[in-house]
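Input: a single structure, listed below in structure tokens.
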Amino acid sequence: MSGLYQFLTGPALWATFVIFLGGLAVRIAFLYGLSKERDRVFYNHMDWNWAIKSIVHWLVPWGSVSMRRQLVFSLVFFLFHVGILAVPLFLAAHNLLWDEAFGVSLWSMPDAWADALTLMVLACALFLLVRRLVRPEVRILTTPWDYTVLVGTALPFLTGFCAYHHWGPYDLMLILHVLTSEILLICIPFTKLGHMVLFFFTRAFIGFEMGARRGARTW
Amino acid sequence: MAASAERQVHDSADTPQVDVKKIRELLDANDGARIRTWLSICARCGLCAESCFFYLAHDKDPKLSPAYKFKNTLGELYKRKGRVDWDFLKRCADIVWGECTTCKRCSLYCPFGIDIATMIAVTRTILYSQGITPEGLARAVVNYRETGNQMGMSSEDFIDTCEWMAEETQDEVKGVTIPIDKKGAKYMYTVNPREPMFYPQDLAQAAQIFTVAGEDWTMPSTGWDCTNLPMFAGDKALAGQVVRNMYEKAVELGVQYILITECGHAFRSALFEGPYLAGYPDGKPPVPIVHSVQLFYEYLRDGRIQIDPAKRLKEPVTYQDPCNVSRNGGLWEEGRKLVQFLAEDFRDMSPNREYNHCCGGGGGFIPMGPEYKPKRMASGRVKAEQIRATGAKVVIAPCHNCFDQLSDLNKEYELGIRVVSLKELICEMMIIPDKFKPDEEEAPEE
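This is how it looks when you write it as structure tokens:
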């Protein structure tokens with residue numbers, strides 16, 4: 001078991017980071033090249049002001065008309081994203097590993113916060129799952145893959161939480177935690193989770209196409 | 001392989017052959033960064049559903065949500081790499097023409113700003129390549145190709161109509177002319193062919209307004225049709241040619257601006273999509289484009305046209321934002337300020353401005369013909385309810401499609417409203433300066 005753990009936190013982790021960051025970089029570079037070749041004409045209307053406004057209004061909770069129409073969903077949606085980003089980056093245990101390996105680390109949040117945020121992520125994921133099942137306009141769009149991605153996103157948080165609280169066999173939980181997290185990171189560049197970075201590009205585009213050319217707000 | 005065998009069996013019946021090669025070419029040509037990204041990151045969150053009036057008008061039928069529509073048309077075409085059968089294409093046609101007016105409202109409500117209307121338009125192009133397009137649009141396309149305008153009107157008839165209208169109007173405003181092909185004029189006024197064909201008084205009204213405002217204007221003898229139905233039919237090449245005809249005529253005449261009549265999609269075509277369709281690398285029209293809403297507003301603001309206060313509308317009035325003038329044209333404030341000059345009791349719709357709903361007649365729906373009318377009336381429920389809620393008795397609609405759709409909705413839903421264009425109202429209310437007043441002896445006393 002410890003051999004597997006060594007592998008997962010050693011070579012496999014390196015590979016994960018390379019695929020995750022490299023994959024995203026390649027995807028953006030490819031799309032950028034493609035846009036220069038096939039969507040070149042749209043760059044004539046590029047406008048940073050409208051692009052940034054279009055992004056910011058959708059990052060702020062209830063910053064858009066659309067979000068204000070569905071208050072609960074957009075709050076959940078927002079908290080879900082906050083938790084997903086904050087917990088992995090600012091968890092003390094993660095930072096300890098960074099520090100051990102490279103002597104540098106980010107700011108760490110108190111464990112109690114991380115606990116609360118993790119529960120929040122899980123609760124939000126459950127909400128999103130139920131929403132997919134019960135709202136007809138969402139259910140009709142949902143494919144088995146959408147459920148897979150949602151569960152796959154929640155698993156690292158569930159296993160991490162179990163491991164921290166020593167629920168179930170600790171070693172196994174830890175291994176599952178590392179494994180599910182690595183799978184998730186590897187999937188990001190190749191799936192709809194790529195919206196982690198592509199969001200900024202599509203929002204910028206619609207922001208200036210509707211805003212700079214027409215003065216219409218896309219939020 | 002089973003799929004292709006199946007297709008052959010199917011195609012051996014009476015249905016036409018699907019040209020998969022052609023579909024793949026078009027899929028490939030459109031496979032740019034935008035569409036690729038949109039198709040791959042749609043999170044299937046369903047937020048777009050509530051933005052769509054088709055969805056709202058049909059008791060939230062999930063099959064009418066914008067995401068469902070693009071996923072099951074263009075999304076599916078990419079997924080199957082164009083290997084689809086005739087039935088699939090017919091289903092796509094029902095969606096992209098019968099359930100979407102490309103009003104672009106959903107792209108304001110999508111967290112990723114996915115431009116679904118663009119993907120619907122690409123699907124229309126693909127269907128068109130297979131000979132599938134609503135009959136009304138197909139007829140118009142033939143007319144554009146043969147005569148350069150959607151109704152097949154000849155240049156002679158057009159010029160005769162202009163002359164006739166200029167003569168008729170002398171009784172209202174002395175000295176009205178409709179200058180044809182005047183070089184170096186400030187505005188080249190372009191219209192929807194239904195004006196010279198069926199409502200020539202629209203030309204007369206425009207001429208009166210320009211005369212009273214002392215405008216330097218002209219109408220071109222060719223390229224006078226600013227509409228662009230090939231854009232909605234899916235004939236991208238012809239759509240480009242149609243705008244090019246207008247642009248080139250403007251350049252030839254050396255005018256400063258192309259002025260667009262009270263038509264929504266003509267503005268969208270001339271200013272926004274036209275340069276893309278015609279393949280202008282800078283994405284901009286060669287001559288600046290101005291919409292009537294903008295110019296009429298400037299006339300009233302600057303006092304070039306003065307409104308008789310006694311004639312202002314007393315009854316409640318609302319303003320229909322044509323999608324392609326407001327949301328897709330940016331003129332919602334100008335429209336409202338203009339209405340303030342004409343009406344005493346203005347009541348806005350909710351939602352309004354760039355968030356206003358499509359009337360249900362856009363995107364080619366009106367010219368698609370009577371077989372689409374039941375759908376148009378059913379999905380127009382949202383607009384009818386919006387209007388009813390304002391309590392307005394007059395609806396100002398600066399777009400021919402909105403005008404027709406609202407007139408139909410008025411009957412269907414018994415709204416008891418009068419639908420009017422800006423030209424009509426301005427002509428009813430403007431003060432005719434003495435120098436333009438018809439000579440006393442010529443005006444018959446009643």
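Sequence order for the protein chains is A and B. The first sequence begins at 1 in the working numbering and counts up one residue at a time. The second sequence begins at 1 in the working numbering and counts up one residue at a time. Quick reminder that beta carbons are idealized off the backbone N, C-alpha and C, glycines included.
ask   = Within 10 angstroms of its Cβ, does residue 59 of chain B collect 16 or more other Cβ (buried), or is it exposed?
value = The residue labelled residue 59 of chain B in the question sits at position 59 within the second sequence. Residue 59 of chain B comes out exposed.
key: Neighbourhood of residue 297 of chain B by C-beta, 7 angstroms cutoff - its chain only, sequence neighbours within 5 removed   = For the purposes of this step, residue 297 of chain B is taken as residue 297 along the second sequence, with counting starting at 1. Around residue 297 of chain B: 334, 337 and 338.
message = Alpha carbons only, please: which of B/359, B/347 and B/303 is nearest the one belonging to residue 453 of chain B?
response = Past the boundaries of the shown model lies residue 453 of chain B; chain B is included only from 1 to 446, so the question cannot be answered.
query = Does the region 150–157 of chain A come close enough to the region 96–108 of chain A that 3 or more CB-CB pairs lie under 8 angstroms?
reply = no
ask   = Among the residues of its own chain, which have a CB less than 7 angstroms from the CB of residue 34 of chain B, if the five just before and after it don't count?
value = Indexing the second sequence from 1 puts residue 34 of chain B at position 34. The answer is none, since no qualifying residue turns up.
message = Taking 8 angstroms as the threshold (beta carbon to beta carbon), is residue 43 of chain B in contact with chain A?
response = For the purposes of this step, residue 43 of chain B is taken as residue 43 along the second sequence, with counting starting at 1. Closer than 8 angstroms to some Cβ of chain A, the Cβ of residue 43 of chain B qualifies, so yes.
key: Extent of the continuous beta strand (DSSP E) to which residue 291 of chain B belongs   = For the purposes of this step, residue 291 of chain B is taken as residue 291 along the second sequence, with counting starting at 1. Start and end: 289–291.
query = Under the three-state reduction of DSSP, which class applies to residue 117 of chain B: helix, strand or coil?
reply = The count along the second sequence starts at 1 and reaches residue 117 of chain B at position 117. Helix, per DSSP.
key: Sheet register partners of residue 217 of chain B (DSSP bridge)   = Numbered from its first residue, the second sequence carries residue 217 of chain B at position 217. Beta-bridge pairing links residue 217 of chain B to B/187.
ask   = Hey, which unbroken runs of the alpha helix (DSSP H) at 4 residues or more fall wholly within the region 180–219 of chain A?
value = 195–214
Within 9 angstroms of chain B by C-beta, residues of the region 29–48 of chain A in sequence order = 30, 31, 32, 33, 34, 35, 36, 37, 38, 39, 40, 41, 42, 43, 44 and 45
key: Short CB-CB distance (under 8 angstroms) between residue 330 of chain B and chain A   = Start at 1 with the first residue of the second sequence, and residue 330 of chain B comes out as number 330. With 8 angstroms as the cut-off, residue 330 of chain B counts as an interface residue toward chain A.
key: Buried/exposed call for residue 246 of chain B, threshold 16 Cβ in 10 Å   = Translated into the one-based positions of the second sequence, residue 246 of chain B becomes position 246. It counts as buried.
Neighbourhood of residue 210 of chain A by C-beta distance below 6 angstroms, restricted to the same chain and skipping five residues each side = In the first sequence, counting from the first residue as 1, residue 210 of chain A sits at position 210. For residue 210 of chain A, where only same-chain residues beyond five positions count, the Cβ hits under 6 angstroms are 216 and 218.
key: N-terminal and C-terminal residue of the alpha helix (DSSP H) that residue 36 of chain B is part of   = Looking up residue 36 of chain B in the second sequence gives position 36. That run of the alpha helix (DSSP H) goes 33–41.
ask   = Between the region 63–73 of chain B and the region 117–128 of chain B, do three or more beta carbon pairs fall short of 8 angstroms?
value = yes
ask   = Roughly how many angstroms lie between the CA atoms of residue 351 of chain B and residue 136 of chain B, to the nearest whole one?
value = In the second sequence, residue 351 of chain B corresponds to position 351, counting from 1. In the second sequence, residue 136 of chain B corresponds to position 136, counting from 1. Going from the Cα of residue 351 of chain B to the Cα of residue 136 of chain B covers about 31 angstroms.
inquiry  = Could you tell me the alpha carbon to alpha carbon distance between residue 67 of chain B and residue 141 of chain B, rounded to whole angstroms?
reply    = Locating residue 67 of chain B in the second sequence gives position 67, where the first residue counts as 1. Locating residue 141 of chain B in the second sequence gives position 141, where the first residue counts as 1. About 29 angstroms.
ask   = Taking 8 angstroms as the CB-CB cut-off, is residue 63 of chain B touching chain A?
value = As a working mapping, residue 63 of chain B is identified with position 63 in the second sequence. Residue 63 of chain B counts as touching chain A.
key: Coil, strand or helix - residue 318 of chain B by DSSP   = Translated into the one-based positions of the second sequence, residue 318 of chain B becomes position 318. If DSSP states are grouped into helix, strand and coil, residue 318 of chain B belongs with the strands.
query = Do the region 101–108 of chain B and the region 44–61 of chain B touch if we need at least three Cβ pairs shorter than 8 angstroms?
reply = yes
ask   = Where do the N-terminal and C-terminal ends of the beta strand (DSSP E) with residue 418 of chain B fall, by residue?
value = Here residue 418 of chain B is taken as the residue at index 418 of the second sequence, counted from 1. Unbroken beta strand (DSSP E) run through residue 418 of chain B: 418–420.
key: CB contact check: residue 68 of chain B to chain A, cutoff 8 angstroms   = Residue 68 of chain B sits at position 68 when you count from the first residue of the second sequence. Yes, residue 68 of chain B lies at the interface with chain A (some Cβ there is under 8 angstroms from its Cβ).
query = Under 8 angstroms between the Cβ atoms of residue 448 of chain B and residue 320 of chain B?
reply = The question about residue 448 of chain B has no answer here: the residues shown for chain B are numbered 1 through 446.
ask   = Would you say residue 58 of chain A faces chain B, with C-beta separation under 8 angstroms as the test?
value = Reading the first sequence from its first residue, position 58 is the one you call residue 58 of chain A. So, interface residue.
message = Given this structure, state the Cα-to-Cα distance separating residue 116 of chain B from residue 65 of chain B, to the nearest angstrom.
response = On the second sequence, position 116 is the one that residue 116 of chain B refers to. On the second sequence, position 65 is the one that residue 65 of chain B refers to. Residue 116 of chain B and residue 65 of chain B: Cα-Cα distance of roughly 11 angstroms.
message = Just verifying my parser: in three-state terms, what is the DSSP assignment at residue 396 of chain B?
response = As a working mapping, residue 396 of chain B is identified with position 396 in the second sequence. In the structure shown, residue 396 of chain B sits in a strand (DSSP, three-state: E or B).
ask   = Does residue 114 of chain B have its Cβ less than 8 angstroms from a Cβ in chain A?
value = Here the question's residue 114 of chain B lines up with position 114 in the second sequence. It does; some Cβ of chain A falls within 8 angstroms.
key: CA nearest to the CA of residue 330 of chain B, picked from B/417, B/272, B/378 and B/286   = As a first step, residue 330 of chain B must be located in the second sequence, where it is residue number 330. When only C-alpha atoms are compared, the closest one is B/272.
ask   = Hey, does residue 68 of chain A have any beta-carbon neighbour from chain B nearer than 8 angstroms?
value = Indexing the first sequence from 1 puts residue 68 of chain A at position 68. Closer than 8 angstroms: no.
task = State the DSSP-derived secondary structure class of residue 257 of chain B, mapped to helix, strand or coil.
result = Here residue 257 of chain B refers to the residue found at position 257 of the second sequence. Looking at residue 257 of chain B - three-state DSSP - the assignment turns out to be strand.
ask   = Name the DSSP beta bridge partners of residue 225 of chain B, please?
value = The residue labelled residue 225 of chain B in the question sits at position 225 within the second sequence. DSSP lists B/191 as partners of residue 225 of chain B.
Against chain B: residues of the region 195–216 of chain A by CB proximity under 8 angstroms = 195, 198, 199, 201, 202, 203, 205, 206, 207, 209, 210, 213, 214, 215 and 216
request  = Under 8 angstroms Cβ to Cβ from residue 122 of chain B, same chain only, skipping five residues before and after it: list those, please.
outcome  = Position 122 of the second sequence, counting from 1, holds the residue named residue 122 of chain B. Same-chain partners within the cutoff: 26, 30, 35 and 74.
Presumed contact (8 angstroms Cβ cut-off) between residue 5 of chain A and residue 186 of chain A, rounded CB distance = As a first step, residue 5 of chain A is located in the first sequence; it is residue number 5 there, counting from the start. As a first step, residue 186 of chain A is located in the first sequence; it is residue number 186 there, counting from the start. Residue 5 of chain A to residue 186 of chain A, Cβ: 18 angstroms. No contact.
key: Proximal residues, the region 126–159 of chain B versus chain A, C-beta separation under 8 angstroms   = none
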